[in-house]
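Here is the structure we will look at, set down as structure tokens.
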Amino acid sequence: METAPAFSPKAVRGAIAALGVGVLLLAIGWYVGLFVAPPEHYMGEVQRIMYVHVPTAWNAMLVLSFAFLCALAFLWKNDWKWDARLEAAVEMGVLLSFLLCVQGAIWAKPTWGVWWDWDPRLTTTAVMLVAFVGILALRHLVDDPRKRAVWSSVATVISYASVPIVYFSVRWWNSLHQVQSTPQTVDSAMVTPLRIAALGMLFVWIAFVTLRSQLARRRLAQELAPPPFTTATVAAGGEG
Amino acid sequence: MTGIVTGGWEFVWAAYGITAAVLVAYGLRLAVGLRKGKEHDER
Amino acid sequence: MRAVAAAFYKDVLLGWRGRAQGMAVAVFGATLLLLLSFAVGPNAQTLRQLGGGFLWVALLFASTLALTESFRLERENRAIEGLLLLGVHPAAIFYGKALANWLHLFVLGLLLLPVMVVLYDPALDGIAGVVGVLALGTAGLSAPGTLHAGLASQTRAQQVLLPLLLFPLVVPVLIAAVRATSLCLLGDPMGQARSWALLLLAFDGVFWPLCGLLFGHVIEE
Numbered sequence: 000m001e002t003a004p005a006f007s008p009k010a011v012r013g014a015i016a017a018l019g020v021g022v023l024l025l026a027i028g029w030y031v032g033l034f035v036a037p038p039e040h041y042m043g044e045v046q047r048i049m050y051v052h053v054p055t056a057w058n059a060m061l062v063l064s065f066a067f068l069c070a071l072a073f074l075w076k077n078d079w080k081w082d083a084r085l086e087a088a089v090e091m092g093v094l095l096s097f098l099l100c101v102q103g104a105i106w107a108k109p110t111w112g113v114w115w116d117w118d119p120r121l122t123t124t125a126v127m128l129v130a131f132v133g134i135l136a137l138r139h140l141v142d143d144p145r146k147r148a149v150w151s152s153v154a155t156v157i158s159y160a161s162v163p164i165v166y167f168s169v170r171w172w173n174s175l176h177q178v179q180s181t182p183q184t185v186d187s188a189m190v191t192p193l194r195i196a197a198l199g200m201l202f203v204w205i206a207f208v209t210l211r212s213q214l215a216r217r218r219l220a221q222e223l224a225p226p227p228f229t230t231a232t233v234a235a236g237g238e239g
Numbered sequence: 000m001t002g003i004v005t006g007g008w009e010f011v012w013a014a015y016g017i018t019a020a021v022l023v024a025y026g027l028r029l030a031v032g033l034r035k036g037k038e039h040d041e042r
Numbered sequence: 000m001r002a003v004a005a006a007f008y009k010d011v012l013l014g015w016r017g018r019a020q021g022m023a024v025a026v027f028g029a030t031l032l033l034l035l036s037f038a039v040g041p042n043a044q045t046l047r048q049l050g051g052g053f054l055w056v057a058l059l060f061a062s063t064l065a066l067t068e069s070f071r072l073e074r075e076n077r078a079i080e081g082l083l084l085l086g087v088h089p090a091a092i093f094y095g096k097a098l099a100n101w102l103h104l105f106v107l108g109l110l111l112l113p114v115m116v117v118l119y120d121p122a123l124d125g126i127a128g129v130v131g132v133l134a135l136g137t138a139g140l141s142a143p144g145t146l147h148a149g150l151a152s153q154t155r156a157q158q159v160l161l162p163l164l165l166f167p168l169v170v171p172v173l174i175a176a177v178r179a180t181s182l183c184l185l186g187d188p189m190g191q192a193r194s195w196a197l198l199l200l201a202f203d204g205v206f207w208p209l210c211g212l213l214f215g216h217v218i219e220e
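Structural data, given as structure tokens:
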């Protein structure tokens, strides 16, 4: 089995720079969204949650799609760096999905009077959150690095493939009971801070995933390194 | 319920605050992990 | 194809020989139906509305036991490695087992149906439709269930891992099967049950091939 991909200090430095850019963009986008942009007519100040909720939604989808690609790449190429990236991406995906559900609940309470309104997108996110937490649990419960990598890739591929079907069935199930919730049209004064915040969050998660996958590489290096004793003994003993 | 929602800043702060807190906490966790690993390598 | 038939026959035979265990799983499912009714209370009207839903929840929970069991003998005797060494294609092993699990889960559903009827008192004219939904829905549980059971059986926490991995995946099956079953039992003025059945069919159409393709990765050494 090939050895683990090397730890790269350069990648870490690049990631920290990206993180700085991301935080700056987020600060700008959120400042404008919170204090400069006008409140929405019907939803008032609560609608400002959009500047954190929509960027989180876009980026959660991106991260999970990236995780899917890493899983496919690992199954196809058998290169450990994809497993390291997968580990990082799944963790980040769980984080953003969790935040999405929390933000959605905080938005729903003043708007609809309930913490959860079974919005199809948010409900699908909740299902995906559970699915990817399960993949994290799988990774924790499997000690053999190769099995861990293969199995979490398989689980990721299947979970990602289920997203459209889950979304569609929830939307259909929900449509029998209520009108669609979140508004789609966005005033132009609101689009710019939204995009800035979304871009900022993109830089942030790319930085986090890079750093996290470096940590994963380091651990893989420890796990895959042959113990010094055994190699010498096997070499001395020869084939059986 | 009337058509217009009034007030609600506490919800806005809650949403932004939790998001920022979680992201910062995760960043710190990564920083600690990287630093610990660096010491281990340099030993 | 012959390998699939042989694998199917083997798993059905093993299931038959272990039918005491299978009956225990059915009793577990029946108990669940009873306990769920306690969560609602003795209101006949409410129970009638919820019968279809609870049937599927009970079936889903009981299925994790059945699916875990389907890999127990293989795991204990390292039988899958033997099959692979003989040159059997992993997909054949998968489809044989998934088909057998489908049969087991369908029978499990049929056993739970009268229990649900007794406790939740639905009208009986839609029962044929419910049997059809049971067939389609258990197929939807079986394919991803067999894949993840094969995976989980090789870990040290399979009892928790299988449900954790499987349940989010089969949410569409649960939603569609519950809707279709409830429509059959409670009345379907707009003829929607067929559409939900089609959704189940679509789910099966996606996941039976996909899981078969990926199973090889799960059991390779």
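If you're matching them up, the sequences are chains A, B and C in order. Under numbering that gives the first Met the number 0, the very last position in the first sequence is 239; numbers go up by exactly one each time. Under numbering that gives the first Met the number 0, the very last position in the second sequence is 42; numbers go up by exactly one each time. Under numbering that gives the first Met the number 0, the very last position in the third sequence is 220; numbers go up by exactly one each time. Heads up, the beta-carbon is just placed ideally off N, CA and C, and yes, glycines get one too. These numbers were taken from a predicted model, which means no experiment stands behind them.
Cross-chain neighbours of residue i in chain C, by beta carbon under 8 Å
i: Val-190 of chain A; result: The contacting residues do not exist; Val-190 of chain A stays about 33 Å from chain C at best.
i: Ala-130 of chain A; result: Leu-164, Pro-167, Leu-168
Neighbour flag for residue i against chain A, beta carbons, 8 Å
i: Leu-29 of chain B; result: yes
i: Thr-18 of chain B; result: yes
i: His-103 of chain C; result: no
i: Pro-143 of chain C; result: yes
i: Pro-167 of chain C; result: yes
i: His-88 of chain C; result: no
i: Val-205 of chain C; result: yes
i: Leu-140 of chain C; result: no
beta-carbon residue i near the ligand NAD non-hydrogen atom, thresh 7 Å
i: Val-165 of chain A; result: Looking for the ligand NAD in the displayed structure turns up nothing, as the structure carries no ligands at all.
Partners in chain A for residue i, counting only beta-carbon separations shorter than 9 Å
i: Ile-174 of chain C; result: Val-165, Ser-168, Val-169, Trp-171, Trp-172
Contact with chain B by residue i, beta-carbon distance below 8 Å
i: Thr-55 of chain A; result: yes
i: Glu-44 of chain A; result: yes
i: Arg-47 of chain A; result: yes
i: Ala-105 of chain A; result: As written in the sequence, residue 105 of chain A is Ile, which differs from the Ala given in the question. Interface residue, yes.
i: Arg-145 of chain A; result: no
i: Gly-19 of chain A; result: no
i: Lys-80 of chain A; result: no
i: Arg-217 of chain A; result: yes
Segment limits, alpha helix (DSSP H) that includes residue i
i: Pro-8 of chain A; result: 8-30
i: Val-24 of chain C; result: 18-39
i: Thr-123 of chain A; result: 119-140
i: Met-115 of chain C; result: 89-119
i: Glu-44 of chain A; result: Counting along the chain, Glu-44 of chain A falls outside any alpha helix (DSSP H), and DSSP gives it neither H nor E.
i: Glu-86 of chain A; result: 79-111
i: Met-49 of chain A; result: 49-76
i: Asn-42 of chain C; result: From DSSP, Asn-42 of chain C is part of no alpha helix (DSSP H); its letter is neither H nor E.
i: Leu-193 of chain C; result: Position check: residue 193 of chain C holds Arg in this sequence, whereas Leu was assumed. 192-218 is the extent of the alpha helix (DSSP H) around Arg-193 of chain C.
i: Ala-175 of chain C; result: 170-185
i: Ala-148 of chain C; result: 126-151
Close beta carbons around residue i, own chain, < 7 Å, minus the five adjacent residues each side
i: Val-165 of chain A; result: Thr-123, Val-126
i: Ser-152 of chain A; result: Ala-70, Phe-73, Leu-74, Leu-85
i: Pro-144 of chain A; result: Leu-219, Glu-222, Leu-223
i: Leu-128 of chain A; result: Val-93, Ser-96, Phe-97, Cys-100
i: Gln-191 of chain C; result: Leu-182
Beta-carbon neighbours of residue i, restricted to chain A and to distances below 7 Å
i: Arg-178 of chain C; result: Trp-172
i: Ala-156 of chain C; result: Leu-140
i: Leu-66 of chain C; result: By Cβ distance, chain A contributes nothing, its closest Cβ being about 15 Å from Leu-66 of chain C, past 7 Å.
i: Leu-198 of chain C; result: Ser-168
i: Val-217 of chain C; result: Trp-150, Val-153
CB contact check: residue i to chain C, cutoff 8 Å
i: Gly-133 of chain A; result: yes
i: Ala-66 of chain A; result: no
i: Ala-154 of chain A; result: yes
i: Ala-148 of chain A; result: no
i: Ala-160 of chain A; result: yes
Cβ neighbours of residue i in the same chain (closer than 6 Å, five flanking residues each side left out)
i: Ala-97 of chain C; result: Ser-141, Ala-142, Thr-145
i: Gly-103 of chain A; result: Leu-121
i: Asp-82 of chain A; result: Phe-73, Ala-148
i: Ala-197 of chain A; result: Pro-54, Trp-57
Nonlocal neighbours in the same chain, by C-beta distance under 8 Å from residue i, ignoring five residues either side
i: Leu-78 of chain C; result: The residue you asked about is not Leu; residue 78 of chain C is Ala in the sequence shown. Excluding positions up to five away in sequence, the list reads Leu-72.
i: Val-89 of chain A; result: Ala-66, Phe-131, Ile-134, Leu-135, Arg-138, Ser-151, Thr-155
Within chain B, partners of residue i - CB distance below 9 Å
i: Phe-207 of chain A; result: Leu-22, Tyr-25, Gly-26, Leu-29
i: Pro-37 of chain A; result: The premise fails here: Pro-37 of chain A is roughly 14 Å from chain B at the closest Cβ pair, so nothing lies under 9 Å.
i: Leu-210 of chain A; result: Gly-26, Leu-29, Ala-30, Gly-32, Leu-33
Chain C contact residues for residue i, given Cβ-Cβ distances below 7 Å
i: Ser-96 of chain A; result: Neighbours of Ser-96 of chain A on chain C: none; closest Cβ ~11 Å, over 7 Å.
i: Ser-7 of chain A; result: Neighbours of Ser-7 of chain A on chain C: none; closest Cβ ~28 Å, over 7 Å.
i: Ala-136 of chain A; result: Leu-160, Leu-163
i: Gly-126 of chain A; result: Checking the displayed sequence, the identity of residue 126 of chain A turns out to be Val instead of Gly. Pro-167, Val-170, listed in chain order.
Interface partners of residue i on chain A, CB under 8 Å
i: Phe-202 of chain C; result: Ile-164
* Does the pairing of the region 137-157 of chain A with the region 137-157 of chain C give three or more beta-carbon distances under 8 Å? -> The region 137-157 of chain A, when compared against the region 137-157 of chain C, does touch it at the 8 Å Cβ threshold.
* Asked: Can at least three beta-carbon pairs, one atom from the region 55-65 of chain C and one from the region 37-46 of chain C, be found at a separation below 8 Å?
  -> Contact between the region 55-65 of chain C and the region 37-46 of chain C is absent, because fewer than three Cβ pairs lie under 8 Å.
* To do: Evaluate contact between the region 112-124 of chain C and the region 182-199 of chain C, counting only Cβ atoms and requiring at least three cross-stretch pairs below 8 Å.
  => Yes: the two stretches touch, three or more of their Cβ pairs being nearer than 8 Å.
* Contact between the region 203-218 of chain A and the region 2-20 of chain A: three or more CB pairs below 8 Å? -> Yes, the region 203-218 of chain A touches the region 2-20 of chain A.
* Any 3 or more C-beta pairs closer than 8 Å across the region 31-40 of chain B and the region 78-87 of chain C -> No: fewer than three Cβ pairs fall under 8 Å.
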